[in-house]
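Chains as they are written, first to last, in this note's numbering: chain A, 5 to 262; chain B, 5 to 262; chain C, 5 to 262; chain D, 5 to 262.
Number of protein chains: 4
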Amino acid sequence: MTAMVNLNADMGEGFGAYDIGNDAALLKIVRSANIACGFHASDPVIMQRLVTLAKAQGVSLGAHPGFNDLWGFGRRQILMNTQELEYMVAYQIGALQAMACYAGDPVTHVKPHGALNNMAATDEAMAMAIGRAIKTVDASLIFVAPAGSAMVTAAHRLGLPLAREGFADRRYEDDGTLTPRRISGSVLADAAEAATQVLRMVQAGEVVSRQGNTISMRVDTICVHGDEPSAVVVAGAVRQQLEAAGVAVVRLPDMLAR
Amino acid sequence: MTAMVNLNADMGEGFGAYDIGNDAALLKIVRSANIACGFHASDPVIMQRLVTLAKAQGVSLGAHPGFNDLWGFGRRQILMNTQELEYMVAYQIGALQAMACYAGDPVTHVKPHGALNNMAATDEAMAMAIGRAIKTVDASLIFVAPAGSAMVTAAHRLGLPLAREGFADRRYEDDGTLTPRRISGSVLADAAEAATQVLRMVQAGEVVSRQGNTISMRVDTICVHGDEPSAVVVAGAVRQQLEAAGVAVVRLPDMLAR
Amino acid sequence: MTAMVNLNADMGEGFGAYDIGNDAALLKIVRSANIACGFHASDPVIMQRLVTLAKAQGVSLGAHPGFNDLWGFGRRQILMNTQELEYMVAYQIGALQAMACYAGDPVTHVKPHGALNNMAATDEAMAMAIGRAIKTVDASLIFVAPAGSAMVTAAHRLGLPLAREGFADRRYEDDGTLTPRRISGSVLADAAEAATQVLRMVQAGEVVSRQGNTISMRVDTICVHGDEPSAVVVAGAVRQQLEAAGVAVVRLPDMLAR
Amino acid sequence: MTAMVNLNADMGEGFGAYDIGNDAALLKIVRSANIACGFHASDPVIMQRLVTLAKAQGVSLGAHPGFNDLWGFGRRQILMNTQELEYMVAYQIGALQAMACYAGDPVTHVKPHGALNNMAATDEAMAMAIGRAIKTVDASLIFVAPAGSAMVTAAHRLGLPLAREGFADRRYEDDGTLTPRRISGSVLADAAEAATQVLRMVQAGEVVSRQGNTISMRVDTICVHGDEPSAVVVAGAVRQQLEAAGVAVVRLPDMLAR
Numbered sequence: 005m006t007a008m009v010n011l012n013a014d015m016g017e018g019f020g021a022y023d024i025g026n027d028a029a030l031l032k033i034v035r036s037a038n039i040a041c042g043f044h045a046s047d048p049v050i051m052q053r054l055v056t057l058a059k060a061q062g063v064s065l066g067a068h069p070g071f072n073d074l075w076g077f078g079r080r081q082i083l084m085n086t087q088e089l090e091y092m093v094a095y096q097i098g099a100l101q102a103m104a105c106y107a108g109d110p111v112t113h114v115k116p117h118g119a120l121n122n123m124a125a126t127d128e129a130m131a132m133a134i135g136r137a138i139k140t141v142d143a144s145l146i147f148v149a150p151a152g153s154a155m156v157t158a159a160h161r162l163g164l165p166l167a168r169e170g171f172a173d174r175r176y177e178d179d180g181t182l183t184p185r186r187i188s189g190s191v192l193a194d195a196a197e198a199a200t201q202v203l204r205m206v207q208a209g210e211v212v213s214r215q216g217n218t219i220s221m222r223v224d225t226i227c228v229h230g231d232e233p234s235a236v237v238v239a240g241a242v243r244q245q246l247e248a249a250g251v252a253v254v255r256l257p258d259m260l261a262r
Numbered sequence: 005m006t007a008m009v010n011l012n013a014d015m016g017e018g019f020g021a022y023d024i025g026n027d028a029a030l031l032k033i034v035r036s037a038n039i040a041c042g043f044h045a046s047d048p049v050i051m052q053r054l055v056t057l058a059k060a061q062g063v064s065l066g067a068h069p070g071f072n073d074l075w076g077f078g079r080r081q082i083l084m085n086t087q088e089l090e091y092m093v094a095y096q097i098g099a100l101q102a103m104a105c106y107a108g109d110p111v112t113h114v115k116p117h118g119a120l121n122n123m124a125a126t127d128e129a130m131a132m133a134i135g136r137a138i139k140t141v142d143a144s145l146i147f148v149a150p151a152g153s154a155m156v157t158a159a160h161r162l163g164l165p166l167a168r169e170g171f172a173d174r175r176y177e178d179d180g181t182l183t184p185r186r187i188s189g190s191v192l193a194d195a196a197e198a199a200t201q202v203l204r205m206v207q208a209g210e211v212v213s214r215q216g217n218t219i220s221m222r223v224d225t226i227c228v229h230g231d232e233p234s235a236v237v238v239a240g241a242v243r244q245q246l247e248a249a250g251v252a253v254v255r256l257p258d259m260l261a262r
Numbered sequence: 005m006t007a008m009v010n011l012n013a014d015m016g017e018g019f020g021a022y023d024i025g026n027d028a029a030l031l032k033i034v035r036s037a038n039i040a041c042g043f044h045a046s047d048p049v050i051m052q053r054l055v056t057l058a059k060a061q062g063v064s065l066g067a068h069p070g071f072n073d074l075w076g077f078g079r080r081q082i083l084m085n086t087q088e089l090e091y092m093v094a095y096q097i098g099a100l101q102a103m104a105c106y107a108g109d110p111v112t113h114v115k116p117h118g119a120l121n122n123m124a125a126t127d128e129a130m131a132m133a134i135g136r137a138i139k140t141v142d143a144s145l146i147f148v149a150p151a152g153s154a155m156v157t158a159a160h161r162l163g164l165p166l167a168r169e170g171f172a173d174r175r176y177e178d179d180g181t182l183t184p185r186r187i188s189g190s191v192l193a194d195a196a197e198a199a200t201q202v203l204r205m206v207q208a209g210e211v212v213s214r215q216g217n218t219i220s221m222r223v224d225t226i227c228v229h230g231d232e233p234s235a236v237v238v239a240g241a242v243r244q245q246l247e248a249a250g251v252a253v254v255r256l257p258d259m260l261a262r
Numbered sequence: 005m006t007a008m009v010n011l012n013a014d015m016g017e018g019f020g021a022y023d024i025g026n027d028a029a030l031l032k033i034v035r036s037a038n039i040a041c042g043f044h045a046s047d048p049v050i051m052q053r054l055v056t057l058a059k060a061q062g063v064s065l066g067a068h069p070g071f072n073d074l075w076g077f078g079r080r081q082i083l084m085n086t087q088e089l090e091y092m093v094a095y096q097i098g099a100l101q102a103m104a105c106y107a108g109d110p111v112t113h114v115k116p117h118g119a120l121n122n123m124a125a126t127d128e129a130m131a132m133a134i135g136r137a138i139k140t141v142d143a144s145l146i147f148v149a150p151a152g153s154a155m156v157t158a159a160h161r162l163g164l165p166l167a168r169e170g171f172a173d174r175r176y177e178d179d180g181t182l183t184p185r186r187i188s189g190s191v192l193a194d195a196a197e198a199a200t201q202v203l204r205m206v207q208a209g210e211v212v213s214r215q216g217n218t219i220s221m222r223v224d225t226i227c228v229h230g231d232e233p234s235a236v237v238v239a240g241a242v243r244q245q246l247e248a249a250g251v252a253v254v255r256l257p258d259m260l261a262r
């Protein structure tokens, strides 16, 4: 059986006259796009353009819901109750589903953004709220969740399709969490090193921690970032390395269909 | 064949801590609800509550998209190009469709709000943009448009299901347009008079203009307002009068299914 | 020397078409108004109206800055860094100062709103950030802070004029904090009881805690709420009782001028 | 007497994580900055940074109020009544005044942005509304208005200090209005040509129209744009050419003090 993995990236995170990221370059590297839905970034015009561009590149569509916080780009924690949070996520999924009609391609996954993602990674009530939103709107949507997070548990409990996510360019701790950015060496800026880490996750289901230990890390999808030009280079190297090693880089729905 | 008509009202137009209108009272009178979608009013929590309440009363669900203008409650004209406008409407329809999943009831119609509705009533390019948004997201959605407006033409051109709308409490001019509010007598505050006007539209397909002439006015649905307590009384009287005259007051999908 | 105290209330917390609270009734009872500044509530039109109404009633003007969170009415905690928070507060003070030019009356105090107020009551860094904003914009502005809070400390450290605030209708714990609302009896709905509590704070500088102990509680201003009609009754009773007991109810600047 | 002119540019038009324009480069060329105030662009953090940077370069501070339209970057016409518009402008001026306290430099001028500027250039009621906002908040603020526009008339009627504005890189029609962008040759992309046009305005008070006629064009300030790198080159060439010709390039307050 051929080894497979998905590559995903956040996209469509501009707003109105503002542009950010490297969507065009990333669309040629990844196989699934997490598209901002108008709360932490994006607007209907950008969403329409992104779904069309992604479709043209054969990239599968995902919703990337975030907090209602354009000023903070969804990176600020906002404390709301779980009902508000659930409906906020459902609303954003629906908005992208409508825009996806312009591409004639369905939305097939959901990946929370920024502070929402970070909080729900450890907060079970938030993870379940996001899961319920997904399940209510479309129970066939794939919940993309950091490997080992509370969202993985929520997906299991709710019976949702799940894609466990690993990071190409981030170091891991012994307990499987990401090394905080304030610690030196938390980001792998070297493309070769990132590609090696990804390959080991995909082929062996493990990663070498910052502490130097080999820990279990089974992943279905790898997140690559595009905020800086260098990140695009890393992403490209990761894909090339994966394919050189015979790993198939596929869309999320194909990943879970095996 | 039994005479039929639909009654519709705008709802869910609060925001966060703010409430407005008489949704609970109107849900007992009308058969179709136009639910604000978060741009001129409403939020995900209100939308979830409204679809659930409407479902419980057997009231059919419609999207009520407006300009991105909470401060102006969607009553200010905003000049954007037709692509922006089209995608803005599509986004809002999708958002409500997702929230409607909480009621297990589909969205079955779309009626633009405020300045968007007024502008598109006479602006063909805007009317077509709204129509394209509806057609792209779900070509079976009923386009609720003022009788005789450019949106009626757009619905025909695009092959969309159409419900022509009349007003219970507004006077008409000889040319079939509404008498401007600045003209005395433009609003029918008297419940009996409003009910009589509606009955004539439904039974005879005509209305008596401010100038005293009988003009053609074929309608499928009647809009009642709920901003003031008196408006709810008028709406109740209209429904009672219709039923007393043997007119069936039905949901929008049933209206068009005949 | 005559005993004195100030009564303050939050006002102008509507938005666009939305109204909330009982501003007209409260303006006849209190002597200082905390006016929302457009972030958690209010808009330029409401602010202009409020400063004019307050001036006409001889009520002194204060800024009531909150988080940028209209949906959550400023009641949701948002985690931003202290620089962002400081500039956000400064911006709102300036906005109200401009609107106060329409009344020809200066802004004389600042009282944070909702979650911002609750967080800064115990978070020293936030309290100092708010204090620095006040000091930078106008070092003569009175910082209204809950008695015993971190904002009192911040006002002292920064050399800002300070008004310590007590609550008419809330029960206190032995440590001087407010009894959480989830605990039965945390709100004094009885007007006479509220008035008695206020009188004791003003005349003796103490309050009887929920646990039955007499604790120190020196206050310069009393906050009354206006969200419900009953609250207005309580506020009116408090003022009447104070004046019957010979306590002068004065504007905030007069309170500190003694 | 030495010939003088001011150079101004729009700045601080990013938002949160979004950046736009070339503020750093422009601050070395112009003498007055029009700083966005949080409605069409900018936020408290950006405003604080800009006033500090401008102060460091000896650039005078101006408010650049726009419509409440971040999505449309203030370029969409929004139809509101003149009271709403007036208070919206006053609010934004006050917000920047507060942020300017961080630089210890006063706001000395006001220049409307985008659609607001374009509409008020020909709409007298809007021009007067903006003028009243300026006069109410600070009657010593300089109203920067396109030469020949309704805002020039409003400034005269209200007795406000006025700076008439010309454009370096735009062609004029015989009637003194700007050649619409849709007409070929409406933008002067050539730096030398732009500098020549500016020099003639400043030294002779005239400009050669698209039709080839010499028309009167007395200006106090020249607007340069910074949206594209080429625009910065044009701006730099204009300043160099002016100084080479012995024209003093001064701050707006110095321009009017002569």
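All C-beta atoms in this analysis are idealised placements derived from N, C-alpha and C, irrespective of residue type, glycine included. Given the structure is predicted, the values throughout are model-derived calculations rather than measurements.
Review point. Would you say the region 188-208 of chain D touches the region 222-236 of chain D, given that touching needs at least three Cβ pairs under 8 Å?
Key: yes
Exercise for review: Would you mind telling me which residues of chain A sit closer than 8 Å to Arg80/C, beta carbon to beta carbon, in chain order?
Suggested key: Ile82, Leu83 and Met84
**Study point:** Candidates Gln61/B, Lys59/B, Ile39/B and Glu169/B, of which the one nearest Met15/B by Cα
**Key:** Ile39/B
**Study point:** Alpha-carbon spacing of Asn217/D relative to Ala94/D, whole angstroms
**Key:** 40 Å
Exercise for review: Locate the beta strand (DSSP E) running through Leu100/B, then write down its first and last residues.
Suggested key: Counting along the chain, Leu100/B falls outside any beta strand (DSSP E), though it belongs to the alpha helix (DSSP H) covering Thr86 to Ala104.
Review point. Arg186/D by DSSP, collapsed to three states: which one?
Key: coil
Exercise for review: Kindly say whether Asp73/C, judged by its beta-carbon, lies nearer than 9 Å to any beta-carbon of chain A.
Suggested key: yes
Review point. Sorted by chain position, which residues of the same chain lie with C-beta nearer than 7 Å to Val254/D's C-beta, five sequence neighbours on each side aside?
Key: Met8, Asn10 and Arg35
Point to revise | Contact list for the region 13-28 of chain A against chain D, Cβ threshold 7 Å | key: Phe19, Gly20, Ala21, Tyr22 and Ile24
Review point. Which two residues bound the contiguous beta strand (DSSP E) that contains Ile226/C?
Key: Thr225 to Cys227
Point to revise | Min CB distance Thr112/C to chain D below 9 Å | key: no
Review point. Short check: CB of Ala129/A to CB of Ser153/A, under 9 Å?
Key: no
Practice item. State yes or no: is the beta carbon of Thr56/B nearer than 9 Å to at least one beta carbon in chain A? Key: no
Review point. If contact means a Cβ-Cβ distance below 9 Å, which residues of the region 90-106 of chain D contact chain C?
Key: Glu90, Tyr91, Met92, Val93, Ala94, Tyr95, Gln96, Ile97, Gly98, Ala99, Leu100, Gln101, Ala102, Met103, Ala104, Cys105 and Tyr106
Practice item. Look at the alpha carbon of Leu83/D and the alpha carbon of Ala21/C, and state the distance between them as a whole number of angstroms. Key: 16 Å
Exercise for review: Kindly list, in the order they appear in chain B, the residues whose Cβ is closer than 8 Å to that of Gly42/A.
Suggested key: Tyr95
Point to revise | Euclidean distance between Cα positions of Gly118/C and Val228/D | key: 43 Å
Review point. Who are the neighbours of Pro48/B on chain A, taking C-beta pairs under 8 Å?
Key: Glu88, Tyr91, Met92, Ala94 and Tyr95
Review point. Taking the beta strand (DSSP E) that Glu210/A falls in, what are its first and last residues?
Key: Glu210 to Val212
Exercise for review: Tell me, to the nearest whole angstrom, how far the beta carbon of Gly135/D is from that of Ala172/D; I am working on the premise that it is less than 8 Å.
Suggested key: Their Cβ separation, rounded to whole angstroms, is 26 Å, which puts Gly135/D and Ala172/D out of contact at 8 Å.
Review point. Does the beta carbon of Gly152/B come closer than 9 Å to any beta carbon on chain C?
Key: no
**Study point:** Limits of the unbroken beta strand (DSSP E) element including Met8/C
**Key:** Met8 to Met15
Exercise for review: Would you verify that the beta carbon of Gln215/D is, or is not, closer than 9 Å to some beta carbon of chain C?
Suggested key: no
**Study point:** Alpha carbon of Gln101/C to alpha carbon of Tyr176/C, nearest angstrom
**Key:** 34 Å
Exercise for review: Please go through the region 24-95 of chain B and give each complete alpha helix (DSSP H) segment of 4 or more residues, from N-terminal end onward.
Suggested key: 27-31 and 48-60
Review point. Taking 9 Å as the CB-CB cut-off, is Phe171/D touching chain A?
Key: no
Check your understanding: If Val111/B and Val148/B are in contact, beta carbons under 8 Å, what's the gap, nearest whole angstrom?
Key -> With a Cβ gap of about 12 Å, Val111/B and Val148/B do not count as contacting.
Point to revise | First through last residue of the alpha helix (DSSP H) which encompasses Ser234/A | key: Pro233 to Ala248
Review point. If you draw a straight line from the alpha carbon of Asp127/D to that of Thr181/D, how long is it in whole angstroms?
Key: 14 Å
Review point. Ala107/B by DSSP, collapsed to three states: which one?
Key: coil
Exercise for review: Starting from Glu169/A, trace the beta strand (DSSP E) both ways and give me its first and last residue.
Suggested key: Leu166 to Phe171
Check your understanding: Listing by chain order, which chain C residues have their CB less than 7 Å from the CB of Gly76/A?
Key -> Met84
Point to revise | Whole-angstrom distance between Ala137/A and Tyr91/C, CA atom to CA atom | key: 35 Å
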